[in-house]
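Top line first, the protein sequences correspond to chains A and B. The first sequence begins at 11 in this note's numbering and counts up one residue at a time. The second sequence begins at 11 in this note's numbering and counts up one residue at a time. Each residue gets a CB set at the ideal place from its N, CA and C atoms; glycine is no exception. Notes follow once the structure below has been shown.
Protein chains: 2
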Amino acid sequence: MKRLAIIGSTGSIGTSALAVVDAHPDRLQVVSLAAGDNAALLAEQVAKYRPLAVAMATEAGAERLRATGVALPGEVRTGSDGLIAVATHPDVDIVLYASSGSVALEAVLAAIEAGKTIALANKEVLVMAGELVTAAARRRQVAILPVDSEHNAIHQCLHGHDGLHVRRLILTASGGPFRGRSAEALDQVTVADALKHPTWQMGRKITIDSATLMNKGLEVIEAHWLFGVRPDQIDVVIHPQSVVHSLVEFVDGSMLAQLGVTDMRLPIQYACSYPDRWAAPVPPLDLTRAATLQFEPPALDLFPCLGLAYRALHAGGDVPCVLNAANEVAVASFLEGRIGFTDIPRVIESTLAAHVPAPADTLMAVRRADAWARAHAAHVAVQSTTRGI
Amino acid sequence: MKRLAIIGSTGSIGTSALAVVDAHPDRLQVVSLAAGDNAALLAEQVAKYRPLAVAMATEAGAERLRATGVALPGEVRTGSDGLIAVATHPDVDIVLYASSGSVALEAVLAAIEAGKTIALANKEVLVMAGELVTAAARRRQVAILPVDSEHNAIHQCLHGHDGLHVRRLILTASGGPFRGRSAEALDQVTVADALKHPTWQMGRKITIDSATLMNKGLEVIEAHWLFGVRPDQIDVVIHPQSVVHSLVEFVDGSMLAQLGVTDMRLPIQYACSYPDRWAAPVPPLDLTRAATLQFEPPALDLFPCLGLAYRALHAGGDVPCVLNAANEVAVASFLEGRIGFTDIPRVIESTLAAHVPAPADTLMAVRRADAWARAHAAHVAVQSTTRGI
Numbered sequence: 011m012k013r014l015a016i017i018g019s020t021g022s023i024g025t026s027a028l029a030v031v032d033a034h035p036d037r038l039q040v041v042s043l044a045a046g047d048n049a050a051l052l053a054e055q056v057a058k059y060r061p062l063a064v065a066m067a068t069e070a071g072a073e074r075l076r077a078t079g080v081a082l083p084g085e086v087r088t089g090s091d092g093l094i095a096v097a098t099h100p101d102v103d104i105v106l107y108a109s110s111g112s113v114a115l116e117a118v119l120a121a122i123e124a125g126k127t128i129a130l131a132n133k134e135v136l137v138m139a140g141e142l143v144t145a146a147a148r149r150r151q152v153a154i155l156p157v158d159s160e161h162n163a164i165h166q167c168l169h170g171h172d173g174l175h176v177r178r179l180i181l182t183a184s185g186g187p188f189r190g191r192s193a194e195a196l197d198q199v200t201v202a203d204a205l206k207h208p209t210w211q212m213g214r215k216i217t218i219d220s221a222t223l224m225n226k227g228l229e230v231i232e233a234h235w236l237f238g239v240r241p242d243q244i245d246v247v248i249h250p251q252s253v254v255h256s257l258v259e260f261v262d263g264s265m266l267a268q269l270g271v272t273d274m275r276l277p278i279q280y281a282c283s284y285p286d287r288w289a290a291p292v293p294p295l296d297l298t299r300a301a302t303l304q305f306e307p308p309a310l311d312l313f314p315c316l317g318l319a320y321r322a323l324h325a326g327g328d329v330p331c332v333l334n335a336a337n338e339v340a341v342a343s344f345l346e347g348r349i350g351f352t353d354i355p356r357v358i359e360s361t362l363a364a365h366v367p368a369p370a371d372t373l374m375a376v377r378r379a380d381a382w383a384r385a386h387a388a389h390v391a392v393q394s395t396t397r398g399i
Numbered sequence: 011m012k013r014l015a016i017i018g019s020t021g022s023i024g025t026s027a028l029a030v031v032d033a034h035p036d037r038l039q040v041v042s043l044a045a046g047d048n049a050a051l052l053a054e055q056v057a058k059y060r061p062l063a064v065a066m067a068t069e070a071g072a073e074r075l076r077a078t079g080v081a082l083p084g085e086v087r088t089g090s091d092g093l094i095a096v097a098t099h100p101d102v103d104i105v106l107y108a109s110s111g112s113v114a115l116e117a118v119l120a121a122i123e124a125g126k127t128i129a130l131a132n133k134e135v136l137v138m139a140g141e142l143v144t145a146a147a148r149r150r151q152v153a154i155l156p157v158d159s160e161h162n163a164i165h166q167c168l169h170g171h172d173g174l175h176v177r178r179l180i181l182t183a184s185g186g187p188f189r190g191r192s193a194e195a196l197d198q199v200t201v202a203d204a205l206k207h208p209t210w211q212m213g214r215k216i217t218i219d220s221a222t223l224m225n226k227g228l229e230v231i232e233a234h235w236l237f238g239v240r241p242d243q244i245d246v247v248i249h250p251q252s253v254v255h256s257l258v259e260f261v262d263g264s265m266l267a268q269l270g271v272t273d274m275r276l277p278i279q280y281a282c283s284y285p286d287r288w289a290a291p292v293p294p295l296d297l298t299r300a301a302t303l304q305f306e307p308p309a310l311d312l313f314p315c316l317g318l319a320y321r322a323l324h325a326g327g328d329v330p331c332v333l334n335a336a337n338e339v340a341v342a343s344f345l346e347g348r349i350g351f352t353d354i355p356r357v358i359e360s361t362l363a364a365h366v367p368a369p370a371d372t373l374m375a376v377r378r379a380d381a382w383a384r385a386h387a388a389h390v391a392v393q394s395t396t397r398g399i
């Protein structure tokens, strides 16, 4: 029996994780749950899974949870302390980070210190603080199992193989809803357009990141930290069908690819079962129905976010953290209708240009770079809005 | 340094193997060579690699080899004894079976008894005597490394993974030159048509087997013996581009696939280097140039050889051996212009129908079934020719 903490249990990944728990009641047990805002759903989950610890993002949320009248296991914790309490509960074996955004960073570091296995669906943590997090994991000999379908695919392809035999990692990208659009057409993109992802059902932030290709850029940075490869060993290929989830090229030119249906329950379950594999509650991929798989190079000129991410990774230090923070602000501004789709990379580039790179070897340095970049990007976004009027 | 015997050094696989040796002179050394008929090329190879033992198929061939005047390492051995001498030379670590046909069977068993690693490009040996060969390899703890691109792909996909996690092996097939043809069109196929393979350059026998899909049928039988899976765990999918060389589906629905360029030097080198990997003398696959990969179910009604192979594998005992022998006779008859393309499965089916299944647990039983099937199939082929007139 593996005992699970889920950070972000009411979101898309969190609910999929609970579906995996439902499929394997003899193998997985929920110990603790943390939600952002959705007190009603967390109340249902508490009633069903009877966790030993729960947290909500804010005191207002905690109050709403208490108001549901559900039997709670004790105090409802909040904020970063709440996430840390949920992640480091002594009965927990694996912590699944299913929420997006940078708020989970301290809770990841705390769980590593507590010796928990980390199942990571959150992108920002490694992008902001890859050096800190992976160094801590090495020191404590804690495994970080990627849940993101691309890194999970690479983990599966690398399993059992010698790292010295790896020449290149190839991350596949669906290309998002705007693959093949002209620069002019991209200028006219609306929020509703950008939220229509062709192959994956995901949260709003990650769906926009997928449309700009920043999602893939963040994954390139994560791949560097997760698999210990150089930036020039990580490539991106557009694969609109999202059937091949990523590939590894070995020194002899042979490639291994992981394929599967586009259902996050698969990589979540893999991270929970590893190194075992369990029967999955999803139908297998029928290759003859997938029929045609296409591959093409990404249009770096039309989707500059991918190039910005490579630039940030090459620069190192706190630059990826700044990239990530500027992107979070830019995407939020776009979702609020305050800037256009093609303003997103402009806000990021302008923030990177104003930034003086520094090391990212302490939590404080990371948080400082993050705060500076958010403030700067917000300022740039407002200017961009003003210009737009 | 790994020391190599090559059975069939002048053929397509054999010359590719020597190209791999040329690329890694510090890692591979040729100890012994056996050729079928091509004395002139073997003489060149002897002059270049200075093997410690050589063999030709026949005494006439040996005489031609001596007549070239090349400095020979001693007696030129012939026949099955010649293959055994080459395969079991005390300095040999790995024996590469690069010839097609059933003649190598005794030499495979002898090399296993001598504790050599087996690199197997020959299909017939496992189809005829899979039980005998794999039981001997288990007993002597000898590895059988498949060189065939499909089994090599599966070997790469399985490496490091628990066999209990495997749900299904999926062999890809190019579909051969006649994919999509009507039954009427298949009746009109000429030898020249059948020898035009769309993606692989191979010998004549295997090219015809590829056109009838018997090649894939033989591979299904081999996969059963190589990987210890049940017949119903082996599927075939048509993939005309031959970029995905085969796949493994795990119990959780996840699939791993091996991809690469269509160059036999890759799987040959993998078998020689395993468990290491060495830089290969071929350019890597560019997925964005491969561009489109298609998958479709095989047309079992139009290509009955595949179904016959599954039937033979299910029947077990000496039935696969009979299938293989009947196929060799039928293909030879077709290549000699004596029977039509669609007569090939008819000859095999008629031979299987007349056969009384028996165990294949001794070399004598295998050879007896093989001889009976050849005689019967030749008889059927002649009848078929007579009918044709």
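Within the continuous beta strand (DSSP E) that includes residue i, where are the two ends?
{"i": "Ala63 (chain B)", "result": "63-66"}
{"i": "Pro156 (chain B)", "result": "154-156"}
{"i": "Thr127 (chain A)", "result": "127-130"}
Ordered along the chain, which non-local residues of its own chain (more than five positions away) have a Cβ less than 8 Å from that of residue i?
{"i": "Leu295 (chain A)", "result": "Val253, Leu269, Gly270, Val271"}
{"i": "Thr372 (chain A)", "result": "Leu142"}
{"i": "Val135 (chain B)", "result": "Tyr107, Ser112, Ala114, Leu115, Val118, Val143"}
{"i": "Glu232 (chain B)", "result": "Lys133, Leu136, Val137, Gly140, Pro156, Asp158, His161"}
{"i": "Trp6 (chain A)", "result": "This structure leaves residue 6 (chain A) out entirely; chain A is present only between 11 and 399."}
{"i": "Pro83 (chain A)", "result": "Val56, Arg60, Pro61, Leu62, Ala63, Val64"}
{"i": "Val292 (chain A)", "result": "Val271, Asp273, Arg275, Leu276"}
According to DSSP, what are the bridge partners of residue i?
{"i": "Met265 (chain A)", "result": "A:Glu259, B:Leu269"}
{"i": "Lys12 (chain A)", "result": "A:Leu38"}
{"i": "Glu306 (chain A)", "result": "A:Ile248"}
{"i": "Leu402 (chain B)", "result": "Since the displayed chain B opens at 11 and closes at 399, residue 402 (chain B) lies outside it and no answer follows."}
{"i": "Tyr107 (chain A)", "result": "A:Ile17, A:Leu130"}
Taking Cβ to Cβ, would you say residue i is nearer than 8 Å to residue j?
{"i": "Pro355 (chain A)", "j": "Thr222 (chain A)", "result": "yes"}
{"i": "Gly227 (chain A)", "j": "Leu318 (chain A)", "result": "yes"}
{"i": "Ala67 (chain B)", "j": "Asp47 (chain B)", "result": "yes"}
{"i": "Ala108 (chain A)", "j": "Ile218 (chain A)", "result": "no"}
{"i": "Cys167 (chain B)", "j": "Leu303 (chain B)", "result": "no"}
{"i": "Ile154 (chain B)", "j": "Ile180 (chain B)", "result": "no"}
{"i": "Gly263 (chain B)", "j": "Gly173 (chain B)", "result": "no"}
{"i": "Ala387 (chain B)", "j": "Val341 (chain B)", "result": "no"}
{"i": "Ile17 (chain B)", "j": "Leu130 (chain B)", "result": "no"}
Excluding sequence positions up to five away, which residues of its chain have a Cβ less than 6 Å from the Cβ of residue i?
{"i": "Thr20 (chain A)", "result": "Ala45, Asn48, Leu51, Leu52"}
{"i": "Val96 (chain B)", "result": "Ala15, Ser42, Ala44, Ala63, Ala65"}
{"i": "Arg384 (chain B)", "result": "Ala335, Val339"}
{"i": "His249 (chain B)", "result": "Thr182, Phe305"}
{"i": "Ala379 (chain A)", "result": "Asp328, Cys331, Val332"}
{"i": "His365 (chain A)", "result": "Val332"}
{"i": "Pro367 (chain B)", "result": "Ala325, Gly327, Val329"}
{"i": "Ile229 (chain B)", "result": "For the record, residue 229 (chain B) in the displayed sequence is Glu; it is not Ile. Contacts found: Glu160, Leu181."}
Quick one: residues in its chain with C-beta nearer than 7 Å to the C-beta of residue i, no 5 flanking neighbours on either side, listed in chain order?
{"i": "Gly125 (chain B)", "result": "Arg150, Val152"}
{"i": "Arg178 (chain A)", "result": "Gln243, Asp245, Glu259"}
{"i": "Ile399 (chain A)", "result": "Note that Ile399 (chain A) has pLDDT 41, beneath the 50 cutoff, so the model's placement of it is unreliable and the number below is only indicative. Cβ neighbours of Ile399 (chain A) beyond the five flanking positions: none."}
{"i": "Asp203 (chain B)", "result": "Pro187"}
In the DSSP assignment, the alpha helix (DSSP H) including residue i goes from what residue to what residue?
{"i": "Arg356 (chain A)", "result": "353-364"}
{"i": "Leu28 (chain A)", "result": "22-33"}
{"i": "Ala183 (chain A)", "result": "Segment 176-183 is the beta strand (DSSP E) holding Ala183 (chain A); no alpha helix (DSSP H) there."}
{"i": "Leu318 (chain B)", "result": "314-325"}
{"i": "Asn334 (chain A)", "result": "329-345"}
{"i": "Val56 (chain A)", "result": "49-59"}
{"i": "Tyr284 (chain A)", "result": "Where Tyr284 (chain A) is concerned, there is no enclosing alpha helix (DSSP H), given that its DSSP letter is neither H nor E."}
> At which residue ranges does the region 185-259 of chain B contain complete alpha helix (DSSP H) runs of 4 or more residues, listed in the order of the chain?
Replying inline: 193-197, 201-204, 214-222, 224-237, all fully within the region 185-259 of chain B.
> Curious, which full-length beta strand (DSSP E) runs of at least 3 residues does the region 78-105 of chain A contain?
Replying inline: Runs found: 86-88.
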